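Numbering (the UniProt record's numbering), first residue to last: 1 to 673.
Beta carbons are placed, not taken as given, at the ideal position from N, Cα and C, and that holds for glycine.
Remember, predicted model here, so these are calculated numbers, not experimental data.
Notes follow the structure.
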Amino acid sequence: TLAAASAAAVLVAAAAEPEAEPPVEVRVNAHLGQGTLDEAAFGANAAIWDAHMNDPEVASLMDDAGIGVMRYPGGSYSDIYHWEDHTAPGGYVAPGTGFDAFMETVQDAGAQPMITANYGTGTPEEAAAWVRYANVTRDYGVKYWEIGNEIYGNGHYGNGWEEDDHADKSPAEYARNVRAYAEAMTEVDPSVQIGAVLTTPGDWPDGIIGPGDSADWNNTVLSRVADTVDFVIVHSYPGGDTADEALERVSRLPGQLRQVRRQLDRHAGDRSDEIRIALTEVNSGVQMNSRPNGLFAADVFMTALENDVFNIDWWNIHNGPDEISRVDGETDFNDYGLLSSGGCIEDVCQPPVNTPFHPYYGIKSLTHLGTPGDTMVASSSSSEDVSVHAVHQDDGDMSVMLINKDQETAHPVEIDYAGFTPDGRKPVVHRYARGDDDVTRAADPGEGTRTLPPYSITTVTVSPKSGEAEVGAPGAPEAVSADSTSATLSWPAADGAPVRYEVYEHLGANAELLGTSTSTSLTLRNLPPGTEHTVNVLARDARGRLSRPSEPVTVATTSPSDSTCEVTYSVDSGWGNGFIATVTVSNLADTPINGWSLDFTWPESGQSVQDAWNAEVTGDGRRVHVTDNGQNAELAPDGGSAATFGFVGANEGANPAPAVFTLNGSVCHTVRG
1 TLAAASAAAV
11 LVAAAAEPEA
21 EPPVEVRVNA
31 HLGQGTLDEA
41 AFGANAAIWD
51 AHMNDPEVAS
61 LMDDAGIGVM
71 RYPGGSYSDI
81 YHWEDHTAPG
91 GYVAPGTGFD
101 AFMETVQDAG
111 AQPMITANYG
121 TGTPEEAAAW
131 VRYANVTRDY
141 GVKYWEIGNE
151 IYGNGHYGNG
161 WEEDDHADKS
171 PAEYARNVRA
181 YAEAMTEVDP
191 SVQIGAVLTT
201 PGDWPDGIIG
211 PGDSADWNNT
221 VLSRVADTVD
231 FVIVHSYPGG
241 DTADEALERV
251 SRLPGQLRQV
261 RRQLDRHAGD
271 RSDEIRIALT
281 EVNSGVQMNS
291 RPNGLFAADV
301 FMTALENDVF
311 NIDWWNIHNG
321 PDEISRVDGE
331 TDFNDYGLLS
341 SGGCIEDVCQ
351 PPVNTPFHPY
361 YGIKSLTHLG
371 TPGDTMVASS
381 SSSEDVSVHA
391 VHQDDGDMSV
401 MLINKDQETA
411 HPVEIDYAGF
421 TPDGRKPVVH
431 RYARGDDDVT
441 RAADPGEGTR
451 TLPPYSITTV
461 TVSPKSGEAE
471 VGAPGAPEAV
481 SADSTSATLS
491 WPAADGAPVR
501 YEVYEHLGAN
511 AELLGTSTST
521 SLTLRNLPPG
531 TEHTVNVLAR
541 DARGRLSRPS
551 EPVTVATTSP
561 SDSTCEVTYS
571 VDSGWGNGFI
581 ATVTVSNLAD
591 TPINGWSLDF
601 TWPESGQSVQ
611 DAWNAEVTGD
621 GRRVHVTDNG
631 QNAELAPDGG
641 SAATFGFVGA
651 NEGANPAPAV
661 FTLNGSVCHT
671 VRG
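Structure follows, in C-alpha cells:
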C-alpha cells in the first residue's frame, strides 16, 4: 500500500542518517593548579645567519604572538660564534645581526633574551666579557645564559654535529667547564642565571654510557653541577612520518620532563626546587609549515609549561624551504621558521618575507589563553582527538583552549567546571581554523554544546559568577620529609585570615582531599610505598570559600627500609629507545623461599620488556610479572643468596626506573644500581 511504502521510505531514510557525534566531555578543575605562567614562558629562536632576523616587522609580529623570550645567536652556531667581532668561523653571518641589533629587536618586541654562550670554541673569559658588555657596559639586564648548545652532539657518542674543540669531549669535562663558566660569569654579574645542557630522556643519546665514562650524560653532568646551575636545558623534536604523528607524540613529553625532575631530585637534593627546566628548542621536525604543526605548536607549548618548564622556545623565527609537499590542501615547504624567508625551491616560492606560517598562529592563540602571572589549572578530555588546556587568569576569568586534532571530523564538546562557576553570560571565543587568516574572534552559540571544526584551535573565556575567597593562595609548599607510607609538607601562610588549609591531590582533572590543617604543615599518611603524589594546598576562608591553589609540589614515598626482601635494579646500557637492565632479588626474611614471583609496574606507558634471561617474564600493559626459571627458585634466608636476571627493554620516551617491586606479595626495599 502507499502508507506502507511511505513508512518504509521513512525507515530507510532514518537508517541512512548518520548518528550524531557524541559530545567530548571536557573537565576543568580550578582547585588543581599546575603552576604560574612565567614572564619567560613563550619564546622563539633567532639566528645570526638569518638576514631578516631584525626586520622591523619581526619585533611587532613577536609582540603580537606574546613572545617573551628571543634566543640568540642560533642553535649550533652558538658554539662557533664570537660575539666581540661578530664572527662564526666555518659558518655564514648575515649583515645586521650583531648583538646590539638583536637587542634592539628584543626590546622593541617587549621581550628578553636567552643567550647561548660559546662552549665549543669559546672560553669562560669570553663568556664573562659578554656578560660585562651586556649587563655592565650596555645595561641590557640579560638574565638567562646557557653554556653551549647540544654539546652531547660533539662526537663523544659517535655522532658529531656540534663544534667542540676540547680535547676531552666527555660529560665530565663539560661539567667541569660549566663550573668554570659559571664562576667567571657570576663574578661579573651575580644576578645572571646559568643553564647546563642535558639530553632529553628517551631521545638519543640518553642512557648511553660513553667511552671512559661511568654513567650517561645527564647523571654525569648533574652529579657535578647540581650545586651550581640555575636551570637545565632540553630540546625536543618528536618527529614521525607526518605532523599528525608528531602531534600524537606530545603525550610523551610529560614523562620525559618528570624524569628530568627526578634526576634533579637525585643529584640536587633539597636544591632541586631551585633548578628550573627550559625547553629552548622545540619543533615537530616534519611538515613544519602545515596546519597540524600549528596545532602541535599550541599543544606542545602548554603541555611543557604544565609540566615544570618555565621557558619554551620555538625553532625558529626564519629558516628557509627544504622540500615541497601538500598537507591539508596547502603547500608545505618543510621550513622550520615561524615566518616566511621568501625562498624558493625550483619554481615554487614561499609567500612574501615575514608572512606567518601556521605554527605562528598556533602560538599566537596562546595570548587568548593566558599571560604571565596567570595560573594553569588541571583539565582533561574524554577524546584523544581533542586536547585541552586551561588557565585561571589573574583577573578571575577562566580560559579553556580546545584543540581538535581530527582532520576530518567536527567534535562537539561540553565543558564541566569544578571550583569555578561561570556567570552565565556568553563567553568570549577565539578560533584559528580553516578559512581563518588570523586568530579570530568567533560568535558563540550560546547555551548547549559547542562544536570544534576539524583541525582547529578554539579558546573559550568565561567570567566568574561571584568573587573569590577573602584569603590568598598559600605559598609554594615543599616536601620536608618522606618515608614509605607518609610525607610531610610545609608552606608559607596565605594572606588574610584562613580558617584552615586543605591539601588536594591531582587525579587527572579530579581532586582528592588528602588532609586538612589549621597550621602551615601537614603529614600525609597511609600513602602506598614507592608512589608519587602531585598536590596543591588551598586556604579556606570564614565564609567557606577556597582560595586559589598554591604552586604544585610532587611528593614521593620511598620503598620500605625494613622489608623482608630487597631488589636491585640497574640499567647497564642504553641507546635512547632501548636498554639492557639487570635485576637482583634477595630474601631478607629468616625463612627460605623456594619458588618466587616478582611483580612491578612501569612508570611510563612506553616502557616494555622485549627479551629476558634467567627468569620467565610476561607483561600486561605496564604490569610485569616475573617468575624463577627453576634453577634459581631457592632464595636463602637473611640475604644468604640472590637470584639475578636480565632483560632487553624498549622505551618510547622516558625510561625511569620502577619504584616498587613485590616479591611473593611483599613490598621490597629497592636499590637503584
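CB contact flag (residue i, residue j, <7 Å)
i, j, result
"A657", "G578", "no"
"I115", "Y77", "no"
"T531", "T557", "yes"
"P637", "T670", "no"
"I275", "L264", "yes"
"V429", "A442", "yes"
"residue 726", "I457", "There is simply no residue 726 to check, as the chain begins at 1 and stops at 673 in what is shown."
"W315", "N118", "no"
"H235", "E162", "no"
"E414", "T449", "yes"
"A246", "G240", "yes"
"S559", "A642", "no"
"L588", "L663", "no"
"D244", "P201", "no"
"C182", "T228", "The question names Cys, yet the displayed sequence has Ala at residue 182. Yes."
Nearest-angstrom beta carbon gap, residue j and residue i [assumed within contact, 8 Å]
i, j, result
"A410", "P445", "Not confirmed; about 13 Å, so no contact."
"V583", "Y569", "6 Å"
"T520", "Y504", "That pair is no contact at about 16 Å."
"S490", "P477", "7 Å"
"A278", "F310", "6 Å"
"F42", "I363", "6 Å"
"F99", "N54", "The pair is not a contact, with the Cβ atoms about 11 Å apart (cut-off 8 Å)."
"K143", "N154", "Wrong, their Cβ atoms sit about 27 Å apart, outside the cutoff."
"Y157", "V221", "No, Y157 and V221 are not in contact; Cβ-Cβ is about 14 Å, not under 8 Å."
"P412", "V460", "Not quite, the Cβ-Cβ distance comes to about 13 Å (not below 8 Å), so this is no contact."
"A509", "S379", "5 Å"
"G496", "D541", "7 Å"
"G294", "Y361", "6 Å"
"G619", "S608", "6 Å"
"D397", "V499", "The Cβ separation is near 27 Å, so there is no contact."
"T199", "V192", "No, T199 and V192 are not in contact; Cβ-Cβ is about 24 Å, not under 8 Å."
"I593", "G646", "With a Cβ gap of about 20 Å, I593 and G646 do not count as contacting."
"E150", "V197", "6 Å"
"A180", "P124", "5 Å"
Residue i - containing beta strand (DSSP E), residue span
i, result
"Q610", "607 to 613"
"W145", "144 to 147"
"N29", "24 to 36"
"P292", "Taken as a continuous stretch (DSSP letters only), P292 belongs to no beta strand (DSSP E), being part of the alpha helix (DSSP H) at 291 to 306."
"G673", "Counting along the chain, G673 falls outside any beta strand (DSSP E), and DSSP gives it neither H nor E."
"A44", "42 to 45"
"D100", "Where D100 is concerned, there is no enclosing beta strand (DSSP E), although the alpha helix (DSSP H) it sits in stretches over 99 to 108."
"D332", "330 to 332"
"N510", "510 to 517"
"W314", "309 to 314"
"A278", "276 to 282"
"L339", "Where L339 is concerned, there is no enclosing beta strand (DSSP E), given that its DSSP letter is neither H nor E."
"S325", "325 to 327"
"N536", "532 to 540"
"L507", "500 to 507"
"R441", "440 to 442"
"R71", "69 to 72"
Extent of the continuous alpha helix (DSSP H) to which residue i belongs
i, result
"A433", "First-last for A433: undefined, no H or E at that position."
"R261", "253 to 268"
"T449", "No alpha helix (DSSP H) contains T449, which DSSP labels as neither H nor E."
"L353", "The question names Leu, but residue 353 is Val in the sequence shown. First-last for V353: undefined, no H or E at that position."
"A410", "That residue, A410, is in no alpha helix (DSSP H); it is neither H nor E in DSSP."
"D64", "56 to 64"
Contact with chain B by residue i, beta-carbon distance below 7 Å
i, result
"M288", "Chain labels in this structure do not include chain B; a single protein chain is all it has."
Legend entry - Any 3 or more C-beta pairs closer than 8 Å across the segment 62 to 69 and the segment 19 to 36: no
Legend entry - Length-filtered (3 minimum) beta strand (DSSP E) runs lying within the segment 366 to 407: 375 to 381, 386 to 392, 398 to 404
Inset, instruction - Could you pull out every unbroken beta strand (DSSP E) segment of at least 3 residues lying fully inside the segment 118 to 194, listed in chain order? - result: 144 to 147
Legend entry - alpha helix (DSSP H) runs wholly inside the segment 214 to 252, at least 4 long, in chain order: 217 to 225, 243 to 248
Inset, instruction - Please determine if the segment 346 to 360 and the segment 369 to 381 are in contact, where contact requires at least 3 C-beta pairs separated by less than 8 Å. - result: no
Inset, instruction - Could you tell me whether the segment 431 to 439 touches the segment 450 to 470, using the rule of 3 or more Cβ pairs below 8 Å? - result: yes
Inset, instruction - Examine the Cβ distances between the segment 506 to 515 and the segment 466 to 484 and report whether three or more of them are shorter than 8 Å. - result: no
Legend entry - Any beta strand (DSSP E) of 3 or more consecutive residues that is wholly inside the UniProt domain "CBM2" (558 to 671): 565 to 574, 578 to 587, 597 to 601, 607 to 613, 616 to 620, 623 to 627, 642 to 651, 661 to 663
Inset, instruction - Answer yes if the segment 22 to 34 comes into contact with the segment 280 to 298, meaning at least three C-beta pairs across the two stretches below 8 Å, and no otherwise. - result: no
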